[in-house]
Amino acid sequence: MNIPGAIKKNAFKAGLAFYPTQCTVDGQSDDHILLAPPFIISCDEMDLLVERLERAVHNSLPS
1406 MNIPGAIKKN
1416 AFKAGLAFYP
1426 TQCTVDGQSD
1436 DHILLAPPFI
1446 ISCDEMDLLV
1456 ERLERAVHNS
1466 LPS
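Per the numbering used here: the sequence shown = residues 1406 to 1468.
Structure (structure tokens):
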């Protein structure tokens, strides 16, 4: 299952964009996402980012 791709799709619907990708560590391939907010992000904007990401993850995982 492409979890990062599913999260990206749901996050984009909520107005959040990030980089879904995979990496290999010690021969094991793992999914991850890369967030890159601007250095001038406010606390309120960071809270919004986390809320949207949490919702996207929740909506992307199988029940």
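In this text, a Cβ means the ideal position worked out from N, Cα and C, and glycines have one as well.
A quick note: this is a predicted structure, and the numbers were derived from the prediction, not measured.
query: F1417 and L1440 closer than 8 Å at C-beta; result: no
query: Proximity to A1419 [Cα-Cα], best of F1444, A1461, S1468; result: A1461
query: L1466, buried or exposed, once every other Cβ within 10 Å from all chains shown has been counted against 16; result: exposed
query: Limits of the unbroken alpha helix (DSSP H) element including D1452; result: 1448–1465
query: Proximity of D1436 and I1408 at Cβ, strictly below 8 Å; result: yes
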